[in-house]
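**Q**
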Amino acid sequence: MQTDARPHYPQAFKSAFYTRYKEGRVEHKVNNVSKTKKHNVRIETVFMKIKDRVNDFRGLKALWSAPILLAGIVLQHNFIENHTTTGKLPCELADLKLEAGVNRWLGLIRLSTL
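By the count of the numbering used here, the sequence shown reaches residue 1373 at its end, each step adding exactly one.
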C-alpha cells in the first residue's frame, strides 16, 4: 500500500495490517513528494470521483451496494468519460476498441450480453 508522507500513516498502517508472518504481509510504501518528485495524482483522482459520487447519494448506507457503486465508477472512468488531458477514453489509450455507440452506457450493456 502506498501513502504520502504524513506522520500518522505508519502507526495507522501498522495497527491495520500488522502480521508477524512474512507470507502475505502488506508492504507500506511511503511516497515523499519532496524527495521522489512523484505524486499520488492518479489514485487521488479516483478517490475524489468516489467522494463526489457518494456525497450525491444521501441514503447510501447499505454495505452490499458499495461494490456495485465502485464497479460503476470504474466503468465510467475507463469507458464513458474522456480523459481531461488527452481528450480520449482510457480504454482507447490502452488500444481497446469498443463499438459502444453514442450512448456508451447502453452500448456497454449491449456488448456485455453478447
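Every residue gets a Cβ at the ideal spot worked out from N, C-alpha and C, and that includes glycine.
If you're wondering where the values come from, they're calculated on a predicted model, not measured in any experiment.
Where does residue 1262 sit, in a helix, a strand or coil, going by DSSP?
**A** Correct three-state label for residue 1262: strand.
**Q** List the whole-angstrom C-beta distance separating residue 1332 from residue 1312, where the pair is believed to meet the contact cut-off of C-beta under 8 Å.
**A** That pair is a contact at about 6 Å.
**Q** If you follow the beta strand (DSSP E) that residue 1288 is part of, which residue opens it and which one closes it?
**A** Looking at the DSSP string, the run of the beta strand (DSSP E) that includes residue 1288 is 1288–1290.
**Q** Using three-state DSSP, classify residue 1268 as helix, strand or coil.
**A** Looking at residue 1268 - three-state DSSP - the assignment turns out to be helix.
**Q** Residue 1271 and residue 1289 - do their beta-carbons sit closer together than 8 Å?
**A** In this structure, residue 1271 does not lie closer than 8 Å to residue 1289 by Cβ.
**Q** Using three-state DSSP, classify residue 1284 as helix, strand or coil.
**A** Correct three-state label for residue 1284: coil.
**Q** If you count every other CB in all the chains shown that lies within 10 Å of the CB of residue 1355, and 16 or more means buried, which is it?
**A** Exposed: under 16 other Cβ atoms inside 10 Å.
**Q** So, using beta-carbon positions, are residue 1338 and residue 1357 closer together than 8 Å?
**A** Yes; because the gap between Cβ atoms is below 8 Å, this pair is in contact.
**Q** Can you name the start and end residues of the alpha helix (DSSP H) that residue 1332 belongs to?
**A** 1324–1334 is the extent of the alpha helix (DSSP H) around residue 1332.
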